[in-house]
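Protein chains in written order, with UniProt numbering: chain A, 1 to 356; chain B, 1 to 505.
Since the structure comes first, as structure tokens, the remarks are kept for the end.
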Amino acid sequence: MTVTTPNPTPLAEAPPSSGTRLVDRVFRMRELAILAVFLVMIAVTQAGNSEFLSEQGVKDLLLNATILVLVATGQSLVVITRNVDLSVGSTLGITAFAAGDYLHGGGNPVVAVVLAVLLGVGFGLLNGLLVSLGQVPALVVTLGTLYIIRGVDSIWVGSRQITAADLPGGFVDFGSGGISAVPWLALIALAVLAATAYYLKHYGSGRELYALGSNPEAARLAGIPVRKRILAAYTVCGALAGLAGAMYLARFGNVDSGTGNGYELTVVSAVVVGGVAFTGGSGSVYGAALGGLLLTSVNSVLPALGVSSVWVLAINGVLLLLAIAVDRIVALRVAAALKKRSARRRTAPTKENAGA
Amino acid sequence: MTHPPDPGPAPVLALRDVTKSFGAVRALRGVSLELFPGEVHALAGENGAGKSTLIKTLAGVHRPDAGQVLLDGEPVVFHGPGDARDAGIAVIYQEPTLFPDLSIAENIFMGRRPRRALGRIDHKATHAATAALMKRLGVDLDPDRPARGLSIADQQIVEIAKALSFDARVLIMDEPTAALTGSEVARLFGVVRTLREQGAAVLFISHRLEEIFEICQRVTTLRDGARIAGEPLAGMTEDDLVRRMVGRDLDELYPKQDVTPGEVALSVRRLTREGVFTDVSFEVRCGEIVGLAGLVGAGRTEVARAVFGIDRWDAGEVEVDGRRLANGAPSIAMAAGLALVPEDRRAQGLVMDMSIERNIGLTGLRTTVRAGLVDRGAERSRSLDWAVKLQVKYARIADAVSTLSGGNQQKVVLAKWLATGPKVLIVDEPTRGIDVGTKAEVHRLLSQLAADGVAVLMISSDLPEILGMADRVLVMHEGRLTAEIPRSDATEETVMAAATGRAAA
């Protein structure tokens, strides 16, 4: 039965691209919400302590966030594919020491950074191969590599320590320098972040990461090279952890065998607080970066307000649970809205048929 | 064997003597099949006959153990689904395979998006191409909305658009119509005919025989993994086809026994769940099969879920054997003798990775547990007992349910619930996606249960099934019960009129 009469229930109330707009809006809102929380927190702190937003204060805030943002960006790629990399803390620690050891021996800073990144790539490849070929849950595999890398690190480093005095002056200066309040390191992290976000949105292989996190079986049937993509995600994640290791060295100048211990949990928190779904397939690296910024700023805000820093962990935990709760509620609401929209579209012709 | 009766075009895609085994199960035994351009080819066979395996072999998901896949007469080896797609083979699977988080446009063009400079995705072109496809299919779906929340029919539409999007030379459709309404099927067939006229080869699978006769020119029949026949459809009757599929004359498809209804077993009064269904009242008596008909989305499944206690109701009451059930408590409903065989057996009825034995055993844990531990022996014998009673086809009872065919999975769900010895059995789409042979078995089983005094509430979108099996037909329309029709008055017309809201209830 073809319907030729004008449609009595206008779909105009739901304009053509309302579906996207709804979802885009939600994601943008998700990121804006974190930004808002962040800004409110900063404003309150500034009101209580006018020293907080001095040039040095802003710089410290950005520097502290930089390394977390970088590692969280890499972690997001992995989490989007419905996996996780718990070894990033260990990777950061061992690459920082390797770069420091090399520089201590009189090496070139650029080569040191490349070395750290390549070492990170190596560990990323190892994780990626184990996860994609072994068909073993990533949580368990990378828990294993977390301990292995940390173990190797401990054996190799022993009780040695790299201090700023062991490093070339230029390297350390670069680590704390910048254009007025914006550190060089933050600019590098921002560039990496923007490039990753652009890649995820505009390149086929980037979208495929979302696809295989969203429905792994469908991804296989759609001919997506699932193993290759997972391997690539882990490799980039490892590389960024390596780069973060080099930056850690430049920033703090102080590395030993315990560097980066437990860092992976902060990274995963940042990613989740930033709205990257742990079940894969959704979220953005910008969100993860904002999550990182929020978590690190809690670290700076509490001392500035005279609150003991013992509260930091508890507050991070609350933020994490809050983020998950919000995501769950929003997801349910969006799903309901989308279903309703489908239902409205489907019931319209039925009514016409009945009237015809 | 004689040469193909159509000597004109050469087959674009063919299988030659293909054999494929999974463990001890031989899914395909030396099967040959030829798909010609400009022809719709039906693949017929009962569940478990090897149809899905055959499709997955053509689609590059499985590689044959022996035999060859021929593309334009040349042997090829597909290393994965991507290879088959690049060769122009599009597959629409029985279960839609979409990415819920991605937009419809992205779902359609995944892996083959329009590109701009530097290999970037051309989002605009993707959107425009998707909008054009939607227009061609005559549906109003926003290309940018995520696939999450789409109805099964809409998901199927997206799958079809995907196949259309790359002008496939070969289109393979595994039960594309199972979840579609009449008008949607007509539209789909329009598209299939256009593709055929443009020279595509189509392989079509459906359990609805009338559809096979409507759209196909040739049919290949599989039974137990072997090819029984490959022949033109012209001149064949449905009975011929069924005989080839089941290898015997089919007993009556709707073996309804006459019974005298007994006591009221299930009584639902003024049940309401806001925004879902309103003021639903009905009774089911012992020995009775009551059909619940209606269009997809009328609220039938939702009523069943509420009665069983999965969803809470806002008003009304439910009684089983005169005892009121608590709101939202499936365990109490079960204890009162209620059983629900859900619509979606994969997601709701079965634990796919668990063994047949354990799946059937799940509902019996209360009786097979001794001193806090599951008595594995008791569980196994109870499960075996039911698997045999329902003639489930399996290699070993310890095999995962996911290795079974759809019809056999459905039997396992039935076994699981029948093992509880229910007083009231609610079955939701008991034969969806099931072959005729198994369908008749399920019907006989339901009829037998009713004769034994079980009260059966059967939700079905299959009108002949409702008319053939039900003592009484309840019809729902937009969340309300619009008609109650006794068996003698139930016809396609009376039921459809009530289902579309045209009849004064």
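Beta carbons are placed, not taken as given, at the ideal position from N, Cα and C, and that holds for glycine.
Source: prediction; values computed, not measured.
Short check: CB of residue i to CB of residue j, under 8 Å?
{"i": "T196/A", "j": "T73/A", "result": "yes"}
{"i": "G128/A", "j": "I230/A", "result": "yes"}
{"i": "L295/B", "j": "A499/B", "result": "yes"}
{"i": "E317/B", "j": "R323/B", "result": "no"}
{"i": "V312/A", "j": "L302/A", "result": "yes"}
{"i": "V413/B", "j": "A226/B", "result": "no"}
{"i": "G287/B", "j": "P261/B", "result": "yes"}
{"i": "G204/A", "j": "I80/A", "result": "no"}
{"i": "G468/B", "j": "K256/B", "result": "yes"}
{"i": "I215/B", "j": "V12/B", "result": "no"}
{"i": "L209/B", "j": "L241/B", "result": "yes"}
{"i": "V424/B", "j": "A387/B", "result": "no"}
{"i": "G337/B", "j": "D321/B", "result": "yes"}
{"i": "V76/B", "j": "R63/B", "result": "no"}
{"i": "L63/A", "j": "L185/A", "result": "yes"}
{"i": "G45/B", "j": "M245/B", "result": "yes"}
Count the other C-beta atoms from every protein chain shown that fall within 10 angstroms of the C-beta of residue i, then say buried if there are 16 or more, exposed otherwise.
{"i": "G50/B", "result": "buried"}
{"i": "A354/A", "result": "Unreliable positioning characterises A354/A in this predicted model, as indicated by a pLDDT of 37, which lies under 50. The coordinate reading is nonetheless provided below. Exposed, by the Cβ-count rule."}
{"i": "N108/A", "result": "exposed"}
{"i": "G235/B", "result": "exposed"}
{"i": "G93/A", "result": "buried"}
{"i": "Y198/A", "result": "exposed"}
{"i": "K135/B", "result": "exposed"}
{"i": "L322/A", "result": "exposed"}
{"i": "G479/B", "result": "buried"}
{"i": "P6/A", "result": "With a pLDDT of only 38 at P6/A, under the threshold of 50, the placement of this residue in the model should not be trusted; the figure read from the coordinates follows. By the neighbour-count rule (16 or more Cβ atoms within 10 Å), P6/A is not buried but exposed."}
{"i": "L365/B", "result": "exposed"}
{"i": "V44/A", "result": "exposed"}
{"i": "L222/B", "result": "buried"}
{"i": "F22/B", "result": "exposed"}
{"i": "I155/A", "result": "exposed"}
Starting from residue i and walking both ways along the beta strand (DSSP E), at which residues does that stretch end?
{"i": "H477/B", "result": "472-477"}
{"i": "A338/B", "result": "The displayed chain sequence assigns Leu, not Ala, to residue 338/B. Segment 338-341, the beta strand (DSSP E) holding L338/B."}
{"i": "E317/B", "result": "315-320"}
{"i": "S488/B", "result": "First-last for S488/B: undefined, no H or E at that position."}
{"i": "residue 513/B", "result": "Look at the range of chain B in this structure, 1 to 505, and you will see that residue 513/B is not part of it."}
{"i": "M173/B", "result": "170-174"}
{"i": "V281/B", "result": "Before going further, note that residue 281/B is Ser rather than Val in the sequence given. First-last of the beta strand (DSSP E) with S281/B: 277-285."}
{"i": "A347/B", "result": "It is not in any beta strand (DSSP E) - A347/B carries neither H nor E in the DSSP assignment."}
{"i": "I92/B", "result": "89-92"}
Thinking residue i and residue j are a contact (beta carbons under 8 Å), I'd like their distance in whole angstroms, please.
{"i": "R218/B", "j": "P232/B", "result": "5 Å"}
{"i": "R30/A", "j": "G287/A", "result": "6 Å"}
{"i": "D428/B", "j": "A304/B", "result": "6 Å"}
{"i": "I92/B", "j": "A200/B", "result": "Between A200/B and I92/B the Cβ distance is about 13 Å, and since that is not below 8 Å, they are no contact."}
{"i": "K59/A", "j": "G178/A", "result": "7 Å"}
{"i": "I205/B", "j": "L98/B", "result": "The pair is not a contact, with the Cβ atoms about 20 Å apart (cut-off 8 Å)."}
{"i": "I360/B", "j": "A398/B", "result": "In fact, because the Cβ distance is near 12 Å, the residues do not count as touching under 8 Å."}
{"i": "L146/A", "j": "G238/A", "result": "Not a contact, Cβ separation roughly 13 Å."}
{"i": "A246/A", "j": "G111/B", "result": "With 8 Å as the limit, A246/A and G111/B do not qualify as a contact, their Cβ atoms being about 36 Å apart."}
{"i": "V307/A", "j": "A96/A", "result": "In fact, because the Cβ distance is near 30 Å, the residues do not count as touching under 8 Å."}
Sort out for me which residues DSSP pairs residue i with in a bridge.
{"i": "K20/B", "result": "L28/B"}
{"i": "E211/B", "result": "DSSP, once it has assigned bridges, lists no residue as partnering E211/B."}
{"i": "G230/B", "result": "T220/B"}
{"i": "I157/B", "result": "Its beta-bridge partners do not exist; DSSP assigns none."}
{"i": "M458/B", "result": "G291/B, V427/B"}
{"i": "H41/B", "result": "L203/B, R218/B"}
Ends of the alpha helix (DSSP H) at residue i?
{"i": "Q68/B", "result": "Not the alpha helix (DSSP H): Q68/B falls in the beta strand (DSSP E), residues 66-71."}
{"i": "A218/A", "result": "216-221"}
{"i": "G82/B", "result": "81-86"}
{"i": "V412/B", "result": "406-418"}
{"i": "L57/B", "result": "One point to set straight first is that residue 57/B is Thr, not Leu, in the sequence displayed. Where T57/B is concerned, the enclosing alpha helix (DSSP H) stretches over 51-58."}
{"i": "D60/A", "result": "55-80"}
{"i": "A112/A", "result": "109-134"}
{"i": "F252/A", "result": "226-252"}
{"i": "L445/B", "result": "436-451"}
{"i": "T272/B", "result": "Premise fails: T272/B lies in the beta strand (DSSP E), 264-273, not in any alpha helix (DSSP H)."}
{"i": "P464/B", "result": "463-469"}
Against chain C: residues of the stretch 274-295 of chain A by CB proximity under 7 Å: Among the protein chains in the structure shown, which are A and B, there is no chain C.
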